[in-house]
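So the number in my numbering is just where the residue sits in the sequence shown, counting from 1, plus 14.
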Amino acid sequence: MSAVAFQRTAGEMAVEAWRPLDRALYRWVLAHGGDAPLATTAAWTSFADGQGDAALSLAESRHGMALPDAAQIAALRTSNFVASSDADGLRPFFLDAEDRFYLWRNHAHETAIAAAVIERRTQATSANVDDTDIDLLFQGDRSARVAAQREAVQSVGGKRLFVLTGGPGTGKTTTVLRMVLMLQWQAQQPLSIRIAAPTGKAAQRLVQALREGKQKLREAALPPDWLALLDAIPDSEALTVHRLLGYQPWRNAFVRGVRDPLAADVVIIDEASMVDLAMLRSLLDAVRPQATLILVGDANQLTSVATGSVLGDLVSALASDPRGDLVRLEHSFRAERHLVAVNEAVRIGDGEALANALAASDGQAVPHAVADERALRERLSAWANSLAAIDALRTALPPSSNTDIDASNTQRDALVRSALAALGQRQLLCALRETGFGTVAINDAIESLLRRAWQVDAGAEWYPGRAVIVTRNDYGAGLYNGDVGLCLADSAGRLRVWFEIAGGVRSFAPHTLPAHEPAFAITIHKSQGSEYSHAAVLLPPDAEHRILSRQLLYTGVSRAKRSVEIWATPATVQSALATETRRVGGLQGRVEDGGEA
15 MSAVAFQRTA
25 GEMAVEAWRP
35 LDRALYRWVL
45 AHGGDAPLAT
55 TAAWTSFADG
65 QGDAALSLAE
75 SRHGMALPDA
85 AQIAALRTSN
95 FVASSDADGL
105 RPFFLDAEDR
115 FYLWRNHAHE
125 TAIAAAVIER
135 RTQATSANVD
145 DTDIDLLFQG
155 DRSARVAAQR
165 EAVQSVGGKR
175 LFVLTGGPGT
185 GKTTTVLRMV
195 LMLQWQAQQP
205 LSIRIAAPTG
215 KAAQRLVQAL
225 REGKQKLREA
235 ALPPDWLALL
245 DAIPDSEALT
255 VHRLLGYQPW
265 RNAFVRGVRD
275 PLAADVVIID
285 EASMVDLAML
295 RSLLDAVRPQ
305 ATLILVGDAN
315 QLTSVATGSV
325 LGDLVSALAS
335 DPRGDLVRLE
345 HSFRAERHLV
355 AVNEAVRIGD
365 GEALANALAA
375 SDGQAVPHAV
385 ADERALRERL
395 SAWANSLAAI
405 DALRTALPPS
415 SNTDIDASNT
425 QRDALVRSAL
435 AALGQRQLLC
445 ALRETGFGTV
455 AINDAIESLL
465 RRAWQVDAGA
475 EWYPGRAVIV
485 TRNDYGAGLY
495 NGDVGLCLAD
505 SAGRLRVWFE
515 IAGGVRSFAP
525 HTLPAHEPAF
535 AITIHKSQGS
545 EYSHAAVLLP
555 PDAEHRILSR
565 QLLYTGVSRA
575 KRSVEIWATP
585 ATVQSALATE
595 TRRVGGLQGR
605 VEDGGEA
């Protein structure tokens with residue numbers, strides 16, 4: 015048996031957690047002359063990347079990896095495969111001074127992002143803002159509750175990078191609108207403004223929030239010249255970041271970049287907690303150096319599905335070096351004060367405060383100790399009964415009128431919008447996708463219960479009231495990952511699946527939809543960027559499950575606008591509160607240290 019084959023058997027196969035990709039990198043290092051310790055470190059780095067870490071820490075035990083000693087780390091630094099400074103040139107791996115071991119691409123992303131952030135901060139200028147203008151935008155309100163919002167409007171002028179962070183109900187969207195109004199007011203010419211979010215669902219929600227925010231500002235009796243600026247803020251198209259940058263799937267690359275930047279003066283990215291390391295680098299490349307990039311989001315939510323925790327890293331870095339590039343919104347304007355207390359208790363990981371908030375919630379926040387599948391079936395039965403009672407989900411659409419098509423379509427579209435709004439009133443959110451507590455099994459159970467309640471043939475895949483969520487972007491159809499649709503029938507029984515789009519609704523024949531799955535239960539990750547009047551959050555009964563974290567629970571409960579249920583045992587909730595997700599990487603330090611790390 016060859017040495018490589020022996021190492022593959024004894025080394026590679028000994029680590030059960032590794033994915034095929036991790037094992038392939040292990041073999042690649044050996045095949046190209048690297049030794050077994052380097053191959054093992056590389057495979058663990060690949061594994062860590064799959065878990066969202068930008069690097070593998072050689073100084074702390076994570077993922078079950080045995081830590082190397084000082085001599086082994088020193089040996090890694092002398093490897094021809096490993097760079098320890100940018101002067102070493104292009105190599106497959108990078109080991110920094112903090113003993114963080116990188117795949118080269120992640121090191122390159124962090125370095126480029128830090129350099130761009132520092133350059134944008136350096137190029138910022140000061141803008142004189144008249145307090146009278148700010149008073150006008152806030153209707154003279156100088157109270158403490160809007161102090162942070164006023165600070166954001168005051169500070170954004172002249173910035174090339176600005177971060178606005180805050181929890182649910184803190185007024186991020188209306189603050190952004192006022193910030194853009196102030197930028198437009200100070201500009202010598204009309205500004206080109208582009209607004210986007212990471213997913214289709216988040217983009218839809220953003221457009222809706224922009225329209226609602228603009229309407230509130232119109233009702234605030236702004237002078238006509240300010241109203242004209244307000245009308246110029248785009249709210250007609252739900253742009254994802256991929257669409258904004260011109261993603262070409264056949265190349266796995268963006269059209270927009272350094273050589274062909276966005277023709278925009280202001281670029282706003284909402285739900286920036288979902289932006290990963292590679293995406294932020296692409297954004298910074300595509301936004302012109304003289305343009306303003308505004309990142310908006312809740313830094314306490316779940317980080318991106320892919321690598322990095324860029325919003326949290328930037329918030330921490332900018333907070334340590336205040337130049338007015340970061341504003342935190344902390345006052346919640348929501349009427350449901352009990353939910354505010356629940357969210358805050360979860361955010362800080364305080365179990366006692368959460369118990370007190372739940373007890374004082376007056377029914378707005380209700381825990382259910384779902385410890386096994388029997389208890390889960392009981393909750394699902396009650397949940398399905400509530401859905402079945404929503405008549406709007408099975409609204410029969412009128413046939414088109416040959417005499418007045420416009421009026422007929424208007425009536426139909428109004429019914430569709432009402433049905434979609436009713437669907438968005440209640441949402442079950444799951445921590446898991448697989449197992450009996452995951453979305454796949456939960457959706458099967460709910461659909462079975464609904465078919466029975468609605469007397470639908472058990473063999474019918476499509477029926478009025480069926481909700482689906484798109485799982486893959488389809489640029490031709492104009493449907494994107496996260497878009498939620500509802501199947502409805504017209505008076506002749508013809509089924510179409512309806513989606514809300516910018517400025518209206520659109521339908522598709524069921525068989526023409528891109529990849530999709532049932533949407534009565536979705537993962538907490540997929541819920542980011544959405545809000546529901548009532549949400550239920552289901553956690554696995556295993557209190558030791560590795561998916562549990564404070565950020566996961568916070569993201570779930572904070573989706574609720576009026577009421578929330580927590581389906582979990584006390585032990586599981588406590589485990590989530592006690593576990594704070596922290597991703598390994600050096601972006602924060604690079605920004606704080608001026609690009610050096």
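Beta carbons are placed, not taken as given, at the ideal position from N, Cα and C, and that holds for glycine.
query = DSSP puts G180 in a beta bridge; with which residues?
reply = L343
ask   = So the alpha helix (DSSP H) H121 belongs to, where does it begin and stop?
value = W118 to T136
task = My understanding is that V384 touches A585, with C-beta atoms under 8 Å, so please give their C-beta distance in whole angstroms.
result = Incorrect: roughly 12 Å between the Cβ atoms, too far for contact.
query = Should the region 434-450 be regarded as contacting the region 463-470, the criterion being three or more beta carbon pairs within less than 8 Å?
reply = no
task = Measure from the alpha carbon of Q602 to the alpha carbon of each residue in R361, D364, V329 and S462, then state which is nearest.
result = V329
Burial state of K230, where buried means 16 or more other Cβ atoms lie within 10 Å = exposed
key: Helix, strand or coil at G227 according to DSSP, with G and I counted as helix   = helix
query = From R408 to L429, what does the alpha carbon distance come to, in whole angstroms?
reply = 10 Å
key: Proximal residues to L307 (C-beta, below 6 Å), its chain only, five neighbours per side dropped   = L175, V281 and V301
inquiry  = Helix, strand or coil, according to DSSP, for A262 in the structure here?
reply    = Just to set this straight, residue 262 is Gln in the shown sequence, not Ala. Here Q262 sits in strand by DSSP.
request  = Kindly identify the DSSP beta-bridge partner or partners of W581.
outcome  = H382 and L552
ask   = Are the beta-carbon atoms belonging to R348 and G183 less than 8 Å from one another?
value = yes
request  = Can you check DSSP and say which residues form a bridge with E514?
outcome  = V519
Nearest-angstrom Cα separation, counted from A89 out to A216 = 46 Å
key: Beta-carbon gap between L353 and V578 smaller than 8 Å   = yes
task = Express the C-alpha separation of A31 and G185 in angstroms, rounding to a whole number.
result = 43 Å
message = Here's a check: name, in chain order, each residue in its chain whose Cβ is nearer than 6 Å to the Cβ of R510, leaving out the five neighbours to either side.
response = S521
query = Exposed or buried, T134, counting other C-beta atoms within 10 Å across all chains shown (16 or more means buried)?
reply = In the sequence on display, residue 134 carries Arg and not Thr. R134 is buried by the Cβ-count criterion.
query = The beta strand (DSSP E) spanning I209 covers which residue range?
reply = I207 to A210
inquiry  = Restricting to Cα atoms, I'd like to know which of A246, V310 and A50 is closest to E285.
reply    = V310
task = Can you give me the start and stop residues for the alpha helix (DSSP H) that G365 sits inside?
result = G365 to A373
ask   = Are V43 and A62 closer than 8 Å when you measure CB to CB?
value = no
ask   = From E514 to Q163, what distance separates their C-alpha atoms?
value = 30 Å
inquiry  = Does the contact criterion of 3 or more C-beta pairs under 8 Å hold for the region 534-553 versus the region 564-573?
reply    = yes
ask   = According to the Cβ coordinates, are P528 and R486 closer than 8 Å?
value = yes
R560, buried or exposed, once every other Cβ within 10 Å from all chains shown has been counted against 16 = exposed
message = Here's the rule I'm using: 16 or more other beta-carbon atoms within 10 Å means buried, otherwise exposed. How should Q304 be labelled?
response = exposed
inquiry  = Let me make sure I understand the geometry here. Which of V454, R508 and S505 has the alpha-carbon closest to that of A533?
reply    = V454
query = Looking at the unbroken beta strand (DSSP E) that takes in T537, where does it start and where does it end?
reply = A535 to T537
ask   = According to the neighbour-count rule (16 or more other Cβ atoms, all chains shown, within 10 Å of its Cβ), is L35 buried or exposed?
value = exposed
request  = Kindly indicate which residue of F108, A101 and D100 has the alpha-carbon position closest to the one of R91.
outcome  = F108
ask   = Among Q425, G473, L502 and A80, which one has its Cα closest to the Cα of V482?
value = L502
message = Please report the distance separating the alpha-carbon of A45 from that of S71.
response = 25 Å
task = Put N416 into one of helix, strand or coil per three-state DSSP.
result = Because the pLDDT of N416 is 49, which lies under 50, any placement of that residue in the model is unreliable, and the number read from its coordinates should be weighed accordingly. Reduced to three states, the DSSP call for N416 is coil.
task = Could you check the C-alpha separation between V484 and T179 for me, to the nearest Å?
result = 28 Å
inquiry  = Using the three-state DSSP reduction, which class does I247 fall into: helix, strand or coil?
reply    = coil
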